[in-house]
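See below for the structure under consideration.
There are 2 protein chains.
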Amino acid sequence: MMQKQVDENFLYLTRAGIDTHQEPVVYMREDCHVCHSEGFNAQGRVRICVEERSIIATLNIVTGDFLSHQKAALSDSAWKLLGAKEGDKARFKHAPPVESMSHVRGKLYGKPFTLEAAREIITDISQERYSDIQLSAFVTSCAANAMSLEETIAVTQAMVECGQKFAWGDGVQVLDKHCVGGLPGNRTTPIVVAIVAANGLLMPKTSSRAITSPAGTADTMETLTNVILSFEQMQKVVRDQGACLAWGGSVSLSPTDDIIIRVERALDLDSEGQLVASVISKKIAAGSTHVLIDIPVGPTAKVRSVELAERLGNLLKDTAAALGLHVQTIISDGTQPVGRGVGPALEARDILAILQNKPKAPTDLRQRALTLAATLLEMGKKCGHREGLALATRTLESGQAWQKFVAICDAQGGLREPPLAQHRYDIVAQRAGVVAMFNNRVISRLASLAGAPNAPAAGLDLHVRLGDKVEKGQPLMTLHAEAAGELEYALDFYRAHPEVLRVEEEVV
Amino acid sequence: MMQKQVDENFLYLTRAGIDTHQEPVVYMREDCHVCHSEGFNAQGRVRICVEERSIIATLNIVTGDFLSHQKAALSDSAWKLLGAKEGDKARFKHAPPVESMSHVRGKLYGKPFTLEAAREIITDISQERYSDIQLSAFVTSCAANAMSLEETIAVTQAMVECGQKFAWGDGVQVLDKHCVGGLPGNRTTPIVVAIVAANGLLMPKTSSRAITSPAGTADTMETLTNVILSFEQMQKVVRDQGACLAWGGSVSLSPTDDIIIRVERALDLDSEGQLVASVISKKIAAGSTHVLIDIPVGPTAKVRSVELAERLGNLLKDTAAALGLHVQTIISDGTQPVGRGVGPALEARDILAILQNKPKAPTDLRQRALTLAATLLEMGKKCGHREGLALATRTLESGQAWQKFVAICDAQGGLREPPLAQHRYDIVAQRAGVVAMFNNRVISRLASLAGAPNAPAAGLDLHVRLGDKVEKGQPLMTLHAEAAGELEYALDFYRAHPEVLRVEEEVV
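So the sequences go chain by chain: A and B.
Note that this note's numbering gives residue 235 to position 235 of the first sequence, counting from 1, and the numbers run on in steps of one.
Note that this note's numbering gives residue 282 to position 282 of the second sequence, counting from 1, and the numbers run on in steps of one.
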């Protein structure tokens, strides 16, 4: 009788067709024999086993009629994580407690993370054994009792260890750059990579897509070429061109990072230690040896004062150094958006204009890219100290950077023309005066509402900069959208949030 | 054009038929016009408006085919919270940030909660504006920077303010009792209420159902009478009988409490301040004036040392006093289960045996109930100091308590016979010796697996107590189940966890 019972204790798996983002969810009928015999409750944590594979998922109880008594349905994330096939026979039991949560509780009560504790926590997170509630407690514990340098190093190392790692050869110098986010339009990467690679340095760049912002570098590059490269394709492009401009999502560098970032964003909680672990772990996993990090500072940027930027810079450098990575930082102006376009295709157009040395190319974006490329050329010993800017400018103006960019795009699948939006609307100045303030966050939101990045041509074009004098009725920016509805929606938002930029009476 | 756009921006509501427990969830197609125009992402927080009503829900994106483009589906909790009807026209926008989370972030960085901050947080939680991730951060922040007495008072007061409150009349003395959980079978409440009410004191008792344990007082009472009373019915029963034994879930006392407890349980995080706020807020909301709190202490009970019990007792008393409630505490033995039965009907049978003065009634449960009733009689000034035990014993032995119990059950809808389980199995001693240890947690789990409390007759009967001598083959306990499968399932668990009780060689 017992054997029989055990053999009957399964359900067939099916796809729920529900995207619960990262958290794996299983849907089971309240009155199915497994729920009944196991005593499962809604929101309970359940271990699902198919043959030798198993995952832990959060249970949602089906009270409606859409699921058979003989089936359990999995969310998209659970389906993928388990590697399930339609009709797989699965067994279910209460998930065991996640042991590493004891370290999180310890941290809450003031006990610092050891390397061993960090490894256990990060491994469990990467295996998606933490529920959202548990992830939040981990993130919160790191903020409540701020991580020391030692703890930050331990967490960073643990994050590196549990992902894929690129190796570009012993003793090879591998350059990279990173920006501590927050500035709309600040799309320097494609220009910097082209200049640096044109000088024979290795820069295998992987970038992210936007999550809440109107564009990530991968979104922008995707309007120009293919960015979805396998590990092997990426290696070939880098071998041939010395660089790539690929989406990092197809390679599994520091997989815990995306999971943690999502929870931090939901809590609006920026823990410095977590930010450092996130950035440094990804760079080490990417096989980088020399990294330049741009920290824009401004009242509506991510970092709001030079003091905070310096402290963050030191923590970045010290953590990196402990793990054998050389990091330099640049503190830059974060008071207003960069370039003209905000949104994938509009930013791509700015990049092309700069690389092609068009007279109307936005000078601020050009200057920022040159400064960063200059520092990387110096870090890579392609020129002496303070000679980088001249070399970078020469590389750009001579067309070598443009040639390298075209070659990289060709290697990735060919250069293409970024799309143009059909629907546009000029937002004009309601008064004459001087442009006195930009709110970066509201500008990003406005471009997102117009459809960016899902609609690649959507976003906005800024026609003015801080300090510009404007006449009443003069266009301040143009909204771009692929659908009339989206344009109207962004406009509604603009009307409710006129603080996107402020025109003040000129102080004489 | 704009007006048109706004008018088209709705979906019809339907029930998803999914129980996501407390967190409200909305299911929308990725490619529906609202997701598209609003730029919603999976796990985003969305405000759903129907006419003047609105709720905030977490978005799950439907990637399958089961939902129409014109519809959005709501989880059971979202449906209930919004008061939705099939086909309601709903509008959707990004949920605004929850402002009170700034106090949670403040607490994380060491800023204590003010009463104002506590009010804003608790109001938002009670309106279900916090996601699970945010709730976890709140609970974690209370544990990381333990709440002071002042903060505990503030949170307790805020919890009282945002629920329903019972008023039994000015200057009326209202008695209550509470047990800081953890002991299987410790079902003293029905006996205590009968004795206290038989002496003319007011004791309008509301109890909870089990969440993870094999029985709550409401589950046990439900095998004997109806416990689902409206506020008006409850008032009538109390007016006529001086007491009731009702389920507290139908009245909304301290509604935030259940939400917070669920997250604490998921984190296995017992914050003392939260425990105190939970207990005291419910008692004040119930209109109690004098409360006796039982704190069992034992290695497998909730409180593990007398020192911790005393500290907890003081925090309970001081918080209650600040809010005008008189609390006394009793520290009791928590080393083993109480009575014989564990599970709703088996516990009900023990209660009946005691109230009916049956010779075989379990003496430990009887003694605990008498001790608690005695203290309440003294608190209620029905007798002098140290005269309570004699009065309680007289009330029980004379049959007055039994008469009062029958009268209360009659007023609630009539006394009934608790059910008997069809399937039983004796677990016998594998060796001769002395019963040396009980694991309360494993015993609770065993009774739950046998089906309690969903199967009211399920659970287990203990035949031995600590220190009892047993022969090899002598029954130690009997498992009760309503289905053969559940019996086998509990047995499987027992075989894997023989530490439920330990028989050792007798030390002479």
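For glycine and all other residues, C-beta sits at the position ideal for the given N, C-alpha and C.
All of these numbers come straight from a predicted model, not from anything done at the bench.
Secondary structure note for Trp-247(B): its beta strand (DSSP E) is the uninterrupted segment 243-247. Inclusion of Ala-73(A) and Ala-16(A) in the CB contact set at 8 Å is warranted, their separation being smaller than that value. Note that the C-beta distance between Pro-453(A) and Asp-268(A) is not below 8 Å. Here the alpha carbons of Arg-119(B) and Pro-214(A) stand approximately 36 Å from one another.
With respect to the 8 Å criterion, Val-291(B) and Leu-325(B) are classified as neighbours on the basis of their beta carbons. Fewer than three Cβ pairs drawn from the stretch 190-203 of chain B and the stretch 432-452 of chain B lie within less than 8 Å of each other, which leaves the two stretches out of contact. Interface flag for Tyr-12(B) against chain A is unset, since no Cβ pair is found closer than 8 Å. Between Ile-427(A) and Tyr-494(A), the beta carbon gap of about 6 Å places them in contact (Cβ cut-off 8 Å). Annotated as distal: Val-342(B) and Ile-191(B), with beta-carbon spacing of 8 Å or more. By the CB criterion at 8 Å, Asp-461(B) and His-480(B) fall inside the cutoff.
No Cβ of chain B is located within less than 8 Å of the beta carbon of Arg-47(A). Excluding five sequence positions before and after Leu-355(B), the CB atoms of its chain that fall closer than 7 Å to its own CB belong to Ile-191, Ala-194, Ala-401, Trp-402 and Phe-405, given in chain order.
For Met-101(B), there is no enclosing beta strand (DSSP E); the enclosing alpha helix (DSSP H) has its first and last residue at 101-108.
The C-beta separation of Val-297(B) from Gly-273(B) comes to about 20 Å, leaving the pair out of contact by the 8 Å criterion. Beta-bridge partners of Ala-144(B) (DSSP): none assigned.
Ile-191(A) has no beta-bridge partner at all, per DSSP. Only those residues of the stretch 137-152 of chain A whose C-beta falls short of 7 Å from the nearest C-beta of chain B are listed: Ala-137, Thr-140, Ser-141, Ala-143, Ala-144 and Asn-145. A straight line joining the alpha-carbon of Lys-205(B) with that of Phe-231(B) spans about 12 Å. Looking at the DSSP output, Asn-60(A) sits in a beta bridge with Tyr-27(A).
The C-alpha of Asn-186(A) is placed about 17 Å away from the C-alpha of Trp-247(A). Here DSSP, grouped into helix, strand and coil, assigns Thr-14(A) to strand.
Going by C-alpha positions, Cys-244(B) is about 15 Å away from Ala-373(B).
Taking C-beta separations shorter than 7 Å and ignoring five residues to either side along the sequence, the partners of Pro-418(B) in its chain run Thr-223, Leu-224, Ala-345, Ala-348 and Arg-349, following chain order. Pairing Asp-19(B) with Thr-63(A) gives a Cβ-Cβ distance under 8 Å. Residue contact check for Thr-300(B) against chain A: no CB pair falls below 8 Å. Met-101(B) reaches chain A at Leu-267 and Asp-268, counting residues in chain order whose Cβ is nearer than 8 Å. Put simply, the CB of Asp-219(B) is far from chain A, with every gap to its CB atoms at 8 Å or more. Look at Arg-340(B) here: in three-state DSSP terms it is coil, with no helix or strand label. His-21(A) reaches chain B at Ala-42 and Gln-43, counting residues in chain order whose Cβ is nearer than 7 Å. Taking C-alpha positions only, Gly-467(B) is separated from Glu-504(B) by approximately 10 Å. Taking 8 Å as the threshold, the shortest C-beta distance from Arg-187(B) to chain A does not fall below it.
Residues of the stretch 473-490 of chain A with a C-beta atom less than 8 Å from some C-beta of chain B are Ala-483, Ala-484, Gly-485, Glu-486, Glu-488 and Tyr-489, listed in chain order. In the three-state DSSP reduction, Pro-498(A) falls in the helix class (H, G or I). Checking the DSSP bridge columns, you'll see Ser-444(A) has no partner listed. Non-local beta-carbon contacts of Thr-478(A) in its own chain, meaning distances under 6 Å to residues more than five positions away in sequence, involve Arg-424, Asp-426 and Asp-461 in chain order. When DSSP reads this structure, Ala-483(A) sits in no beta bridge, so it has no partner.
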